[in-house]
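Heads up, our numbering is the position in the sequence shown plus 3, with the first residue counted as 1.
Every residue gets a Cβ at the ideal spot worked out from N, C-alpha and C, and that includes glycine.
To keep things clear, I will list the structure first and then write my remarks on it.
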Amino acid sequence: MKKALLVVDMQTDVIADVVNRDQLLININDRIEQFRQQHALIIFIQHEDSDLVHGTVGWQLSPSLSVTDTDIVMPKTHADSFYHTPLQELLTQHQITDLEICGAQTNYCLDTTIRVAFDRLYNITVGADMYSTVDNDFMTAEQTNAYYRDMWDQRFAKIY
4 MKKALLVVDM QTDVIADVVN RDQLLININD RIEQFRQQHA LIIFIQHEDS
54 DLVHGTVGWQ LSPSLSVTDT DIVMPKTHAD SFYHTPLQEL LTQHQITDLE
104 ICGAQTNYCL DTTIRVAFDR LYNITVGADM YSTVDNDFMT AEQTNAYYRD
154 MWDQRFAKIY
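Structure (structure tokens):
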């Protein structure tokens, strides 16, 4: 069993208004450090589209995020982190069987990536305080996070 940490879309504009942003960054950075101490694979996923234009400040990974030159930063253009990216090949090359997935936003790219990873037979864990989103027309961010936590738990991932 080899585990990797997948940090999804923790970009300046993506997380600008997510609930509990500062605590989310602390939690993810703590987890990154734990993975580094274990010499485990850490992959940062970075979304690009017409609202997140490559090279702009909003597209950049959050400056508060603990990223080093040895970490892998993988661009994507779809909600699915596997779609038209080398993610699957990279995980296979490193013999990864287990993924811990964190980031933003809960109800978009994070949910899609969790479900696709599950479909690809990865064992998935998600920290209950390791993802976030913004309010929408139907639910507050807190309600959305709780809904997805319940949806993922024991169906698509183990929540800790």
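(message) Within 8 angstroms, do at least three Cβ pairs link the segment 16-28 to the segment 52-61?
(response) Below 8 angstroms, enough C-beta pairs join the segment 52-61 and the segment 16-28 to call them touching: three or more.
(request) Identify which residue in D138, T100, D83 has its Cα closest to the Cα of R118. (result) Within the sequence shown, the letter at position 115 stands for residue 118. Shortest Cα-Cα distance from R118 to any of D138, T100, D83 involves D83.
(request) State whether the segment 99-112 contacts the segment 57-70, with contact taken as three or more CB pairs (one from each stretch) at a distance under 8 angstroms. (result) With the cut-off at 8 angstroms, the segment 99-112 and the segment 57-70 do not touch.
(message) Please report the straight-line C-alpha distance between Q146 and H81, rounded to a whole angstrom.
(response) Stepping through the sequence shown from its first residue, residue 146 is reached at position 143. Stepping through the sequence shown from its first residue, residue 81 is reached at position 78. Rounded to the nearest angstrom, the two C-alpha atoms are 25 angstroms apart.
(request) With M77 as the anchor, note down where its beta strand (DSSP E) starts and where it stops. (result) What you label residue 77 is simply residue 74 of the sequence shown in a count that begins at 1. First-last of the beta strand (DSSP E) with M77: 75-79.
(message) Whether or not the segment 73-80 and the segment 37-47 are in contact is what I'm after, with contact meaning three or more pairs of Cβ atoms, one per stretch, closer than 8 angstroms; do they touch?
(response) The segment 37-47 vs the segment 73-80: in contact.
(message) Bridge partners for Q108 per DSSP, in chain order?
(response) Here residue 108 refers to the residue found at position 105 of the sequence shown. Note: Q108 sits in no beta bridge, so no partner.
(request) Answer with buried or exposed for D33, where buried requires no fewer than 16 other C-beta atoms within 10 angstroms of its C-beta. (result) Position 30 of the sequence shown holds residue 33. Under the 10 Å beta carbon count, D33 is surrounded by fewer than 16 other beta carbons and is classified as exposed.
(message) Going by the DSSP bridge assignment, what does E103 pair with across the sheet?
(response) As a first step, residue 103 must be located in the sequence shown, where it is residue number 100. Partner residues in the beta bridge of E103, as assigned by DSSP, are L8, T128.
(request) Using the DSSP secondary-structure output, state which residues sit across from I48 in a beta bridge. (result) Taking the sequence shown and counting its residues from 1, one reaches residue 48 at position 45. Looking at the DSSP output, I48 sits in a beta bridge with V11, M77.
(message) Suppose the cutoff is 7 angstroms on Cβ atoms and the five residues either side in sequence are ignored; what does the same chain contact list for A149 look like?
(response) As a position in the sequence shown, residue 149 is number 146, starting the count at 1. Sequence-distant partners of A149 (beyond 5 residues in either direction) whose C-beta falls short of 7 angstroms from its own C-beta are missing from its chain.
(message) Going by beta-carbon coordinates alone, are D12 and C112 separated by less than 7 angstroms?
(response) Here residue 12 corresponds to residue number 9 of the sequence shown, with the count starting at 1. Here residue 112 corresponds to residue number 109 of the sequence shown, with the count starting at 1. At the C-beta level, D12 and C112 come within 7 angstroms of one another.
(message) Just to confirm the assignment, what range does the alpha helix (DSSP H) spanning F121 have?
(response) To locate residue 121, count along the sequence shown from 1; it is residue 118. Counting along the chain, the unbroken alpha helix (DSSP H) around F121 starts and ends at 114-122.
(message) On the criterion of 16 or more Cβ atoms from any shown chain inside 10 Å, does D114 qualify as buried, or is it exposed?
(response) Taking the first residue of the sequence shown as 1, we reach residue 114 at position 111. Classification of D114: buried, given that the 10 Å Cβ count is 16 or more.
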